[in-house]
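Notes follow the structure.
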Amino acid sequence: MLRVFWCLLARDLRLALRRRTDVLTTLFFFIIVVSLFPLGVGSERQLLQLLGPGVVWVAALLASMLALERLFAADHEDGTLEQLLLTGQPLALLVLAKISAHWLLTGLPLVLIAPLAGMQYHLTGTAIGVMMLALLLGTPVLSLIGAIGAALTLGVRGGGILLSLLILPLYVPVLVYGAGAVEVSAVDLADIRPYLNLLGAFLLAALILAPVAAAAALRISLE
């Protein structure tokens, strides 16, 4: 089963590299949103430090959503999803492979360029480190939860709007605790532990439940 997981993961990564525009769109969207916000609110250092964590997290959340609608759409159109159902392999494992590819292409790049975003908001080195750690824990949760919505809206007309309505409320706890960890790091590093622990708990729960739920939603959508 692990061999199947790695084969599907590598396949999705290869296909994504052939369509670099889709990957770069997500990255550029994040950069543009983070860069334009200071132009709108001014260059006051204290204000930017206060707003920075929330802006970065909102931009990361919206950037992650850009690619969700395409998570299963291409495989649905060419019949690959039906073939995956017929392989006899656990569909939840195959879904987890596709979610992992989505995170590697959308979530991980956001974690890596987070220091550049933090510098625009005059965040300290400690705050930037906490922000990267929070994004590392939180962005996989966004991909996992988003996969459930993408599976439920697969093949539905106007699915992008419906997808946003379904998953945005579920993203709120990740957004609150992710941005909160960065904000409290400026006061006391010991205070960030509850925030990171909760993000870790969200990640663990999503890893266990989201692939199963997304697999069930795919079966319903393909019937």
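All letters in the sequence shown, in the order written, are residues 3 to 225 by the working numbering. Glycine included, each C-beta is placed from N, C-alpha and C at the ideal position. Only a predicted model underlies this, so the values are computations on that prediction, with no experimental measurement involved.
Distance between beta carbons of residue j and residue i, contact taken as under 8 Å
i           : j                : result
leucine 144 : serine 66        : 5 Å
alanine 152 : leucine 83       : Between leucine 83 and alanine 152 the Cβ distance is about 12 Å, and since that is not below 8 Å, they are no contact.
alanine 12  : phenylalanine 32 : With 8 Å as the limit, alanine 12 and phenylalanine 32 do not qualify as a contact, their Cβ atoms being about 25 Å apart.
glycine 140 : leucine 201      : 5 Å
Cβ-Cβ distance between residue i and residue j below 7 Å
i              : j           : result
alanine 94     : alanine 217 : yes
proline 142    : leucine 205 : yes
leucine 177    : serine 223  : no
proline 213    : valine 97   : yes
isoleucine 169 : glycine 182 : no
serine 187     : alanine 129 : yes
Reference residue i; option with closest CA among the options
i              : options                        : result
leucine 26     : Leu107, Ala219, Ala129, Ala116 : Leu107
glycine 120    : Leu200, Val35, Ile194          : Val35
serine 37      : Leu17, Thr23, Val58            : Val58
alanine 116    : Phe74, Leu135, Ser102, Leu200  : Leu135
alanine 215    : Leu68, Pro92, Pro171, Ser166   : Pro92
valine 184     : Ala208, Gln51, Ala219          : Gln51
leucine 209    : Met133, Thr128, Val158, Ile101 : Ile101
methionine 133 : Phe30, Arg195, Leu172, Leu68   : Arg195
leucine 146    : Gly162, Leu73, Asp193          : Leu73
Any non-hydrogen atom of the ligand NAP within 6 Å of residue i CB
i           : result
leucine 144 : The ligand NAP is absent from the structure shown, which contains no ligands of any kind.
Stretch-stretch touch, CB-based, cutoff 8 Å, three pairs: the stretch 120-135 with the stretch 41-59: yes
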